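What follows is a short report on a single structure.
Protein chains in written order, with the working numbering: chain A, 50 to 248; chain B, 50 to 248.
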């Protein structure tokens, strides 16, 4: 019987997803485990809980804490971090691209570059030029990729992916999913891989 | 200049506080650091965020996840755990006792015993008999202790302590506080002590 994969469910706007994106590939390599990248949108899940923005904006004390926590953790992990001037940024187009090309070898580099643009370079990842520039820097045809990412077929695919997240009872990002087992948060990254190893 | 203490802010109803109560004393001993126990009530803080019960009851997916997470973590830490038949339980009297006698050598044993009653033995810690029984088992005069804990002076003291938590921008439990630095959640227990060591 095949083992399930380690699925990495993330949202491009999510601060703690950024920390995990930076860390997950090395940990996966150490364990010899392949990651399945699962971009999705937290927005509809937050909406269904009655939130019209990130809970970090709604609950001020928690939000202030989160920024301090992310700063401390990025120092601990020795990960670059600069608080974005806008939060949360709209990761819709980036998620459509990452999902449309999930099978491509370059997708992990693209995902990492978008997170760095948002959380290190303070670039607005909702702008098509920011994403084009990343894709072009990889020697890819940005126009072709973005045109396909915006097709109705692919828009529907992302909507279905985000609904699948909700159906799996995912309520935040990052979430590491192994079969029916959900590990929520950057703090559970190591535990998720250890769980996978035990299977 | 004296270092600040490691303050352990907790609520007797809090599941993740239970995990930390079980772990903190050994970690503090290893570091040679004294803990200052800070019982408080999360209820007023939750109320000020518009919640009339634990967010784990309000947000179902997050609540279901929490119980699974606590079960997995208690196995990882090899800590006994049984999901209480009632959640959250009212820890008001227990908090009043723990605060009134915060300077006593027995208070850490009392705190641990109350958490075990709630999260291992599934006893209703809002019942005075449950707390009396714990105090009596330590050879203490439960009646005298509880009578003092219920005085207006001590009720006010707990109200002030809970307000102080809010003033410090504490929004959840457990929280480890070192000067102005807050570390929230059982996941940050080790980081809090490492932070203290660096001062």
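For glycine and all other residues, C-beta sits at the position ideal for the given N, C-alpha and C. Quantities reported herein were computed from a predicted structural model and do not represent experimental measurements.
So with CB distances below 8 Å, who are the chain B contacts of residue 263/A? Chain A is shown from 50 up to 248; residue 263/A falls before or after that span and cannot be answered.
Buried or exposed (CB count within 10 angstroms, at least 16 for buried), residue 52/A: Taking the first residue of the first chain as 1, we reach residue 52/A at position 3. Counting Cβ neighbours within 10 Å, residue 52/A comes out exposed, since fewer than 16 surround it.
Which bits of chain A does residue 60/B rub up against, with CB to CB less than 8 Å? Taking the first residue of the second chain as 1, we reach residue 60/B at position 11. What residue 60/B touches in chain A, judged by beta-carbon distance under 8 Å, is nothing: the nearest beta carbon there is about 15 Å away.
Beta-carbon of residue 35/B versus every beta-carbon of chain A: anything under 9 Å? Given that chain B is displayed from residue 50 to residue 248, the structure contains no residue 35/B and the question cannot be resolved.
Hey, does residue 8/B have any beta-carbon neighbour from chain A nearer than 9 Å? It is not possible to answer for residue 8/B, since the shown part of chain B is limited to 50 through 248.
Quick check: residue 159/B and residue 64/B, are their CB atoms within less than 9 Å of each other? Position 110 of the second chain, counted from the first residue, corresponds to residue 159/B. Position 15 of the second chain, counted from the first residue, corresponds to residue 64/B. Here residue 159/B is not near residue 64/B, since their CB atoms are 9 Å or more apart.
Going by beta carbon distance, what residues of the same chain come within less than 7 Å of residue 105/A, once the five residues before and after it are set aside? In the first chain, the residue the question calls residue 105/A occupies position 56. Closer than 7 Å at the Cβ level, and outside the excluded window around residue 105/A, lie 111, 112 and 115.
Chain-ordered chain B contacts of residue 111/A [CB-CB under 7 Å]: As a first step, residue 111/A must be located in the first chain, where it is residue number 62. Simply 220.
Might you give, ordered along the chain, the residues of its own chain that have their beta carbon closer than 7 Å to the beta carbon of residue 233/B, omitting 5 neighbours on each side? One-based indexing of the second chain puts residue 233/B at position 184. Cβ within range, chain order: 221 and 224.
Which residues DSSP lists as bridging residue 87/A, in chain order: Counting from one through the first chain, the residue named residue 87/A turns up at place 38. DSSP lists 58/A as partners of residue 87/A.
Rounded to whole angstroms, what's the CA-CA distance from residue 192/A to residue 67/B? Just pull it up for me. Mapped onto the first chain, residue 192/A falls at position 143. Mapped onto the second chain, residue 67/B falls at position 18. The straight-line gap separating the alpha-carbon atoms of residue 192/A and residue 67/B is approximately 54 Å.
How would you call residue 88/B, buried or exposed, if buried means at least 16 neighbouring beta carbons within 10 angstroms? The residue you call residue 88/B lines up with position 39 of the second chain. By the 10 Å Cβ count, residue 88/B comes out buried.
Closer than 9 Å to chain A by CB, residue 236/B: Here residue 236/B refers to the residue found at position 187 of the second chain. It does: the Cβ of residue 236/B has a partner Cβ on chain A nearer than 9 Å.
Against chain A, does residue 87/B count as a neighbour if the rule is that its beta carbon must be under 9 Å from one of theirs? The residue given as residue 87/B occupies position 38 in the second chain. Judged by the 9 Å Cβ criterion, residue 87/B is not in contact with chain A.
Note down, in chain order, every chain B residue with its Cβ under 8 Å from the Cβ of residue 108/A. What you label residue 108/A is simply residue 59 of the first chain in a count that begins at 1. Within 8 Å Cβ-Cβ: 98 and 220.
Quick one: using the 10 Å Cβ neighbour count with 16 as the cut-off for buried, is residue 129/B buried or exposed? Position 80 of the second chain, counted from the start, is the residue given in the question as residue 129/B. Residue 129/B is exposed by the Cβ-count criterion.
Select from 241/A, 93/A and 126/A the residue whose C-alpha is nearest the C-alpha of residue 140/A. The count along the first chain starts at 1 and reaches residue 140/A at position 91. For the residues 241/A, 93/A and 126/A, the minimum Cα distance to residue 140/A belongs to 93/A.
Ignoring anything shorter than 4 residues, give me the alpha helix (DSSP H) runs that lie fully in the stretch 118–146 of chain A, in order along the chain. Listed in chain order, nothing qualifies, since the stretch 118–146 of chain A has no complete alpha helix (DSSP H) run of 4 or more residues.
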